[in-house]
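Here is the structure we will look at, set down as structure tokens.
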Amino acid sequence: MTASPRPSRRTFVAGTIAGLGLAAVPGAPTASAATPRVARPPRILVATNEPWGTYHVRPLLPEIARRGWDVRQLVPDLSQIAPGETVPVVTPADAAPADLLVVTGATDWPADCAAVSGRTTPLAATSLAYLNATEAPRAHEFERRLRLVTSSSAAEGRSFAGHLGTRRRVRVVGSPQTDTLPTPAPEPDTVLVLTSVTYPDQTGGAAPGTQLLLDAAAALEAAGKHILVGLHPRENPALWSRYEVSPVPSLQASARAEVAIGIPGTVFPLIAAAGVPVVGCLDPRLVVPDYLLAVCSSLIDTAAEALPAVESATLPADLEDIVGPVGGSSARLLDAWGRAARPA
């Protein structure tokens, strides 16, 4: 991959199921001409591709709280919900009627939720994590019901539209995670290692490439680099115990790094948005959208390539298509959800 001039980091940083139908609020007073009825906040349910993957909704919590909206994530049960989880969750048996069901893909859990919700419940599709552009087997179940499709960036939107099998306009709103980009404070020779998931579990699948990434990290450490590990929320931390594991999410951890290396995933454009160039470890079995490869300074398939790739890493010259708008993304997304829930 041809290297391109690297802009300064500071410049870039600156620059739910049963009974989901629509329903009136029980016991609500009748509106009169003298006493206008105050509309209640919208009630929204979210069904993600990773049924218990609450980390996809968590970045939206500050804006949801500011608006006083009722947004809950649909989960099959509470077995995988950790004590102290901040994302409100609800099981199908306990779900109240909703104004909008948001699905983050056409995989089985969101599709099951949409199928049981009934056609009176408006449906929106929002990309919160990458999906390949191959049309999902159940995508056809959504097409006539979708009021809205959103994505973080134009590039992600093209891939998401392919997954949904739709030609609808995809509204680009940006990533809620980029609403709070960290202040760059890179530490000399610090490399952020971005893990994926080594073993699949009930919540979701795994990506190949962990051994390559482990070997690359070892090679970089041997060359004098300090390894800071940004763990995927579902990764096994024991695999990385020999290194410093960041106590904060990868995006915030990137402030300390000069460069990042990892298995290409949803976090890659976010790290680039923070002004940190990324190197991709590409296992031959890994299939990811082209835009996640394009954000990489370079791609490696052997550990021996890690050091030169890291030392020559740069940001792509134009990130707008891949990253999307930075700042205010949570507000833009919730505005779009609100309009889909209650069209004017």
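Just remember that this note's numbering sits 406 ahead of the position in the sequence shown, which is counted from 1. The beta carbon of each residue, even a glycine, is placed where N, CA and C say it ideally should be. It should be emphasised that the depicted structure is a prediction, and the values quoted were computed from it without experimental measurement.
Closest by C-alpha distance to residue i, when choosing among the options
i: Pro-683; options: Ser-718, Val-693, Pro-695, Ser-652; result: Ser-718
i: Gln-583; options: Gly-568, Ala-567, Ser-660, Glu-627; result: Ser-660
i: Arg-449; options: Asp-483, Ala-567, Ala-504; result: Ala-504
i: Leu-619; options: Leu-645, Gly-610, Arg-640, Pro-639; result: Leu-645
i: Arg-446; options: Gln-486, Glu-491, Gly-474; result: Gly-474
i: Leu-699; options: Ala-710, Thr-708, Gly-681, Leu-725; result: Leu-725
i: Gly-610; options: Thr-513, Pro-465, Ala-625, Ala-567; result: Thr-513
i: Cys-519; options: Asn-538, Leu-587, Glu-547; result: Glu-547
i: Ser-735; options: Leu-451, Ala-453, Gly-511, Pro-468; result: Pro-468
i: Thr-492; options: Asp-621, Arg-464, Ala-709, Thr-510; result: Arg-464
i: Ala-499; options: Pro-489, Leu-506, Asp-483; result: Asp-483
i: Pro-675; options: His-638, Ile-728, Val-635, Leu-688; result: Ile-728
Beta-bridge partners of residue i, as assigned by DSSP
i: Asp-476; result: Arg-449
i: Ala-666; result: Leu-598, Val-684
i: Val-495; result: Gln-479
i: Ile-633; result: Val-597
i: Val-694; result: Bridge partners of Val-694: none, in fact.
i: Val-651; result: Val-635
i: Leu-507; result: Leu-451, Leu-529
i: Leu-705; result: Gly-686
Outcome for residue i when other beta-carbon atoms lying within 10 angstroms are tallied against a minimum of 16
i: Glu-549; result: exposed
i: Thr-460; result: buried
i: Ser-438; result: Note that Ser-438 has pLDDT 40, beneath the 50 cutoff, so the model's placement of it is unreliable and the number below is only indicative. Classification for Ser-438: exposed.
i: Gly-730; result: buried
i: Arg-738; result: buried
i: Arg-648; result: exposed
i: Ser-485; result: exposed
i: Glu-664; result: buried
i: Glu-456; result: buried
message: So, does the stretch 666-677 touch the stretch 567-579, judging by three or more C-beta pairs under 8 Å?
response: no
query: What alpha helix (DSSP H) runs, 4 residues minimum, are completely inside the stretch 523-598?
result: 560-570
query: Is the stretch 470-484 in contact with the stretch 587-607, if contact means three or more CB pairs nearer than 8 Å?
result: no
Three CB pairs or more closer than 8 Å across the stretch 525-542 and the stretch 555-562: yes
message: Could you check whether the stretch 682-697 touches the stretch 635-644, counting it as contact only if at least three pairs of C-beta atoms, one from each stretch, sit closer than 8 Å?
response: no
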